[in-house]
Amino acid sequence: MPDAAIPHPAPTSVRTVLVAEDNETVAQLMSDLLRVWGYEVEVVSHGLAAVQRCAERAYDLVLMDCHMPVMDGWQATRAIRASEGVRRTPILAITGEGDLQSCLEAGMDDYLQKPVRPTLLRTAMMRWLDRGGRRSSPPPVSAMTVPSGT
């Protein structure tokens, strides 16, 4: 993520982001970047842990890998959506190979393809964080995917 030095507007209050990613290197890079941007970050390595964490506390945003052990990101998102109350937590799919339609059908709000450029991640995060948990219908889908290998 070479664009890490890109300024990110400081949140008015510390916002919490859950990163569900089984690749330790990717998880660490994302976590470091988000902390530089001023977010409180928690990282889990599989979907079941993401479901459990979301049941324990409210996050402002979840970054969800789709292909993980124990429970994949699609299943985890469905489980999170099934247990949510009034407030809807934005869940952004972050995946190396994914199907946009299956992400949306699972209840994810947006989709970014790995490798994700920090500028694109920041833009997608701010769009959803500015919504304050509200979702319009149909959901605005990110057109900001970066093909693998670029």
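Residue numbers (the numbering used here): 17 to 166.
Every residue, glycine too, gets a C-beta built ideally from N, C-alpha and C.
Asked, Found
"Assuming contact is defined by CB atoms lying nearer than 9 Å, are Arg97 and Gly63 in contact in what I supplied?", "no"
"Following the continuous beta strand (DSSP E) through Thr13, name the residue where it begins and the one where it ends.", "With the chain running from 17 to 166 in the structure shown, residue 13 is simply not present."
"Can the beta-carbon of Leu128 be found closer than 9 Å to that of Ile107?", "no"
"Taking the straight line between their C-alpha atoms, what separation do you get for Gln91 and Val78?", "14 Å"
"With distances taken between CB atoms, is the gap from Glu56 to Val35 smaller than 9 Å?", "no"
"Quick one, are the C-beta atoms of Glu72 and Thr32 less than 9 Å apart?", "no"
"If you draw a straight line from the C-alpha of Asp146 to the C-alpha of Thr139, how long is it?", "11 Å"
"Under 8 Å by Cβ, that's how I've got Leu49 and Pro131 pegged, so tell me the actual separation to the nearest angstrom.", "About 13 Å; that fails the 8 Å criterion."
"Taking its Cβ as the centre, do 16 or more other Cβ atoms sit within 10 Å of Thr41, making it buried, or is it exposed?", "exposed"
"Helix, strand or coil, according to DSSP, for Thr32 in the structure here?", "strand"
"For Ala167 versus Met80, is the C-beta spacing smaller than 9 Å?", "Lying before the first or after the last residue shown, residue 167 is absent from the chain, which here runs from 17 to 166."
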